[in-house]
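This note's numbering applies: residue 3 is where the sequence shown begins, and numbers increase by one. Just so you know, even glycine gets a beta-carbon here, dropped at the ideal spot from N, CA and C. First the structure, in the form of structure tokens, and then the observations on it.
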Amino acid sequence: MGQQGCQAPCSVPGPSSPGSLPQLSSLSWLLLSVPVPQFLVPALFPAPYFRSCSRFSFPSLLLTPISAPGSHSRSQFQVPAPTPAPSSHCWFPAPSSQFNVSPSSRSQPRVHAPPYCPRSRLPPHSDTSPRQLPLPVTDGSGSDAFRIGWAGPLGAAWHWLPSRQRGLARERRRVGAEGMGIHGLAKLIADVAPSAIRENDIKSYFGRKVAIDASMSIYQFLIAVRQGAEVLQNEEGETTSHLMGMFYRTIRMVENGIKPVYVFDGKPPQLKSGELARRTERRSEAEKHLQEAQEAGEETNIEKFSKRLVKVTQQHTDECKKLLMLMGIPYVEAPGEAEASCATLVKAGKVYAAATEDMDCLTFGSPVLMRHLTASETKKLPIQEFHLNRILQDLGLTWEQFVDLCILLGCDYCESIRGIGPKRAVELIKQHKTIEEIIQHIDTKKYPLPENWLHKEAQKLFLEPDVVNPDDVELKWTEPNEEELVQFMCGEKQFNEERIRNGVKRLSKSRQGSTQGRLDDFFKVTGSITSAKRKEPESKGSAKKKAKTNSATAKFKKGK
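This is the structure:
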């Protein structure tokens with residue numbers, strides 16, 4: 003890893019701003035004006051991470067990645083020989099011995115990022131305040147995170163030290179890492195029930211049937227499939243990003259042996275009207291910011307605010323249904339929320355898992371939730387599997403108590419109690435078992451209840467949702483209709499015909515290969531095992547013939 007400089011000055015508070023500093027030990031304050039060897043830093047500040055912002059040539063050890071940190075496989079780092087830090091002001095990892103980071107080593111987070119400059123190369127979602135800059139780390143689960151540090155004087159220079167006053171705050175780096183639907187649920191599970199999360203490559207789902215939240219997928223395609231800041235459009239100005247995303251991502255799944263089933267939203271529940279109104283308000287606000295960005299010519303903000311205006315329309319939905327039908331991919335129309343019907347299909351054994359970014363699919367009772375299945379291949383995100391039974395086991399909760407926990411965290415159907423964070427919510431549920439008991443015991447002056455709180459209605463919606471009847475769902479994957487696909491995608495939507503035909507060929511070829519079952523299906527125990535039966539003594543003559551006849555008759559009747 004090369005040492006890169008940056009033009010931005012090191013923006014840290016000077017000695018004139020002592021109020022911003024953390025509480026340091028007496029010994030540390032005695033060392034404000036004396037150079038301190040870097041190997042003494044861990045002893046003076048016993049924290050797992052340290053990054054220095056050098057104002058002079060300062061001996062520094064840099065962690066060199068042996069394998070790419072974003073590969074989500076085993077990532078290794080080594081420490082080279084001591085080298086002087088560059089004269090420019092950038093951030094560097096602290097010294098450490100060689101170590102590995104793998105999905106199993108969740109208990110020992112490690113620094114893994116290359117140098118960052120305070121302003122010009124800050125990671126996304128960081129606080130650009132000079133008093134709070136992030137230290138990128140990994141917790142071994144394949145998800146990047148930030149630990150926030152504070153500026154402090156050390157050895158006549160200012161350095162960033164991990165916060166001892168406020169604790170080590172964490173913020174997920176990837177967009178959507180906190181999950182949608184239930185606020186902070188993904189992070190809570192990663193913190194308190196990490197064994198409930200598995201990370202797999204898409205190839206490991208060969209032969210699996212998966213119910214996919216169609217509306218969530220369409221939304222992702224409208225966000226991701228773009229040309230600059232604009233969605234893809236044909237000559238008539240019709241949006242086509244959703245069709246391109248649905249076509250190629252579905253082919254990718256089928257090529258990896260997955261049998262997708264798309265589930266479309268029905269009528270949203272009345273309880274969601276408040277959340278829908280808030281989304282409309284946020285889009286209106288984004289529209290104003292977009293106009294300002296366009297007038298100022300700020301390309302980054304133009305792209306950011308244009309994505310916030312995305313809304314899945316009925317036309318998007320109808321066009322995707324037509325595309326799936328022509329591709330031979332089954333879809334289901336849910337009477338209510340799609341993720342609730344996805345959960346029902348999993349519980350009924352129709353599919354292996356529900357695939358969505360909406361964490362409330364677990365609240366609806368889906369035994370297995372998959373995230374990042376329809377994410378862009380270029381993001382290299384591993385597929386995350388959340389297992390509900392393991393979550394309940396590690397939390398020590400029943401499903402009904404888990405539903406109450408999710409309501410306390412915050413959902414789409416009612417407000418949450420202000421001041422109660424994830425850890426406090428878990429403590430309250432474990433102590434009082436139900437929201438009703440919690441209300442009876444908490445200090446409502448400290449934790450005021452929302453006005454006209456509809457938590458009981460939200461409970462009923464999660465426990466008794468309006469879902470499709472799984473017995474009425476017949477899933478069939480058929481051959482794609484090439485000519486009608488070409489007519490729709492090329493004749494109507496003006497896609498390139500050669501590319502569409504190549505896509506159809508890939509789809510047909512993959513379907514032939516995906517008819518092979520999973521290996522574990524061949525080892526399922528059947529109703530009876532003849533080899534386990536005790537061998538009867540051999541009969542002779544007519545008795546043997548009679549016994550054989552009776553046995554055949556019994557088998558015939560049983561089969562009937």
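Compute the Euclidean distance between the alpha carbons of ALA226 and GLU476, then round it to the nearest angstrom. Along the sequence shown, one-based indexing puts residue 226 at 224. Along the sequence shown, one-based indexing puts residue 476 at 474. If you take the alpha carbons of ALA226 and GLU476, they lie about 32 Å apart.
Output needed for THR252: all residues of its chain with C-beta closer than 7 Å, excluding positions within five of it in sequence on either side, in chain order. Reading the sequence shown from its first residue, position 250 is the one you call residue 252. Cβ within range, chain order: PRO262, MET329 and ILE331.
From the DSSP output, read off the bridge partner residues of ARG200. Counting from 1 along the sequence shown, the entry for residue 200 is found at position 198. GLU387.
Output needed for SER378: all residues of its chain with C-beta closer than 6 Å, excluding positions within five of it in sequence on either side, in chain order. In the sequence shown, counting from the first residue as 1, residue 378 sits at position 376. Taken in chain order, the residues that qualify are ALA226.
When you compare only the Cα positions, how much space is there between THR376 and SER243? Against the sequence shown, residue 376 aligns to sequence position 374. Against the sequence shown, residue 243 aligns to sequence position 241. If I take the Cα positions, the gap works out to 14 Å.
Which listed residue (GLN395, PHE208, LYS381 and THR346) has its alpha carbon closest to that of LEU371: In the sequence shown, the residue the question calls residue 371 occupies position 369. When only C-alpha atoms are compared, the closest one is THR346.
Just to confirm, are ARG210 and TYR354 a CB contact at a threshold of 8 Å? Looking up residue 210 in the sequence shown gives position 208. Looking up residue 354 in the sequence shown gives position 352. The answer is yes: Cβ separation under 8 Å.
Short check: CB of LYS313 to CB of ARG285, under 8 Å? Here residue 313 refers to the residue found at position 311 when the sequence shown is read from its first residue. Here residue 285 refers to the residue found at position 283 when the sequence shown is read from its first residue. Cβ atoms of LYS313 and ARG285: closer than 8 Å.
Across the segment 212-227 and the segment 355-363, are there enough close Cβ pairs to call them in contact, namely three or more that are closer than 8 Å? yes
Short Cβ contact (8 Å threshold) for THR505 with PHE249: For this step, residue 505 is matched to residue 503 along the sequence shown. For this step, residue 249 is matched to residue 247 along the sequence shown. The residue you asked about is not Thr; residue 505 is Gly in the sequence shown. Yes.
Presumed contact (8 Å Cβ cut-off) between ILE385 and ASN236, rounded CB distance: In the sequence shown, residue 385 corresponds to position 383, counting from 1. In the sequence shown, residue 236 corresponds to position 234, counting from 1. So it is not a contact: roughly 32 Å between Cβ atoms.
Where the beta strand (DSSP E) through PHE266 begins and ends: Stepping through the sequence shown from its first residue, residue 266 is reached at position 264. That run of the beta strand (DSSP E) goes 261-266.
Report all residues from its chain with a CB closer than 6 Å to the CB of ALA342; omit the five preceding and five following residues, and keep chain order. Here the question's residue 342 lines up with position 340 in the sequence shown. Same-chain partners within the cutoff: PHE366, PRO467 and VAL469.
What is the rounded straight-line gap between the Cα of SER219 and the Cα of ASP320? As a working note, residue 219 is residue 217 in the sequence shown. As a working note, residue 320 is residue 318 in the sequence shown. If you take the alpha carbons of SER219 and ASP320, they lie about 14 Å apart.
GLU335 lies in the beta strand (DSSP E); which residues open and close that run? Stepping through the sequence shown from its first residue, residue 335 is reached at position 333. Residues 333-335.
Can you find the residues in the same chain that come closer than 8 Å, C-beta to C-beta, to SER197, ignoring five residues on each side of it along the sequence? Here residue 197 corresponds to residue number 195 of the sequence shown, with the count starting at 1. Taken in chain order, the residues that qualify are ARG392 and ASP396.
Between the CA atoms of TYR221 and ALA298 - distance to the nearest angstrom: If you number the sequence shown from 1, residue 298 lands on position 296. If you number the sequence shown from 1, residue 221 lands on position 219. Their backbone Cα atoms lie some 28 Å apart in a straight line.
Do you know how far the Cα of ASP193 is from the Cα of ALA45? As a working mapping, residue 45 is identified with position 43 in the sequence shown. As a working mapping, residue 193 is identified with position 191 in the sequence shown. Below a pLDDT of 50, predicted positions are generally treated as unreliable, and ALA45, at 46, falls in that range; the measurement from the model is reported next regardless. Their Cα atoms are separated by approximately 27 Å.
Does the beta-carbon of THR241 have 16 or more other beta-carbons within 10 angstroms, so that it is buried, or is it exposed? Against the sequence shown, residue 241 aligns to sequence position 239. Classification for THR241: buried.
Considering only residues of the same chain and omitting the five flanking positions on each side of LYS205, which have a CB-CB separation below 7 Å? Here residue 205 refers to the residue found at position 203 when the sequence shown is read from its first residue. Around LYS205: ASN258.
Which residue's Cα is closest to the Cα of ARG513: LEU394, GLN229 and ARG254? Numbered from its first residue, the sequence shown carries residue 513 at position 511. ARG513 has its Cα closest to that of ARG254, out of LEU394, GLN229 and ARG254.
With distances taken between CB atoms, is the gap from ARG310 to ALA295 smaller than 8 Å? The residue labelled residue 310 in the question sits at position 308 within the sequence shown. The residue labelled residue 295 in the question sits at position 293 within the sequence shown. Not closer than 8 Å, so no.
Check whether the Cβ atoms of PRO271 and LEU463 sit closer than 8 Å, and answer yes or no. Taking the first residue of the sequence shown as position 1, residue 271 is located at position 269. Taking the first residue of the sequence shown as position 1, residue 463 is located at position 461. In contact: PRO271 and LEU463 (Cβ atoms closer than 8 Å).
Beta carbon of CYS322 nearer than 8 Å to that of CYS344: Mapped onto the sequence shown, residue 322 falls at position 320. Mapped onto the sequence shown, residue 344 falls at position 342. Cβ atoms of CYS322 and CYS344: not closer than 8 Å.
Among LEU273, PHE490 and HIS389, nearest to GLN461 - alpha-carbon criterion: For the purposes of this step, residue 461 is taken as residue 459 along the sequence shown, with counting starting at 1. If we check each option's Cα against that of GLN461, LEU273 comes out closest.
Whole angstroms are fine: how far does the CA of ALA350 sit from the CA of GLU387? Position 385 of the sequence shown, counting from 1, holds the residue named residue 387. Position 348 of the sequence shown, counting from 1, holds the residue named residue 350. GLU387 and ALA350: Cα-Cα distance of roughly 18 Å.
Measure the C-alpha to C-alpha separation of LEU411 and HIS318 and round it to an integer number of angstroms. Indexing the sequence shown from 1 puts residue 411 at position 409. Indexing the sequence shown from 1 puts residue 318 at position 316. Roughly 32 Å separates the two Cα atoms.
Count the other CB atoms within 10 Å of the CB of GLY239; is the residue buried (16 or more) or exposed (fewer)? Translated into the one-based positions of the sequence shown, residue 239 becomes position 237. Under this definition GLY239 is an exposed residue.
Which whole-angstrom value is the C-beta distance of GLU484 and ARG503, which I expect to be below 8 Å? Here residue 484 refers to the residue found at position 482 when the sequence shown is read from its first residue. Here residue 503 refers to the residue found at position 501 when the sequence shown is read from its first residue. Indeed, because the Cβ distance is near 7 Å, the residues count as touching under 8 Å.
Can you tell which of HIS457, HIS291 and LYS324 has its C-alpha closest to the C-alpha of SER308? Here residue 308 is taken as the residue at index 306 of the sequence shown, counted from 1. Answer by Cα proximity: HIS291.
Mapping DSSP to helix, strand and coil, what is GLN317? Counted from its first residue, the sequence shown places residue 317 at position 315. Residue state, collapsed to three classes: helix.
With burial defined as no fewer than 16 other Cβ atoms inside 10 Å of the residue's Cβ, what is the status of GLY247: buried or exposed? Mapped onto the sequence shown, residue 247 falls at position 245. Buried: at least 16 other Cβ atoms inside 10 Å.
What does the alpha-carbon distance come out to for the pair GLN403 and TYR264? Taking the sequence shown and counting its residues from 1, one reaches residue 403 at position 401. Taking the sequence shown and counting its residues from 1, one reaches residue 264 at position 262. Approximately 30 Å, taken between the alpha carbons.
May I have the straight-line CA-CA distance separating LYS458 from LEU234, to the nearest angstrom? The residue given as residue 458 occupies position 456 in the sequence shown. The residue given as residue 234 occupies position 232 in the sequence shown. So the two alpha carbons sit approximately 43 Å from each other.
When we look at the beta-carbon of LYS381 and count the other beta-carbons within 10 Å, is it buried (16 or more) or exposed? If you number the sequence shown from 1, residue 381 lands on position 379. It counts as exposed.
With 16 other CB atoms within 10 Å as the buried threshold, where does PRO450 fall? Start at 1 with the first residue of the sequence shown, and residue 450 comes out as number 448. Looking at its Cβ environment, which holds fewer than 16 other Cβ atoms inside 10 Å, PRO450 is exposed.
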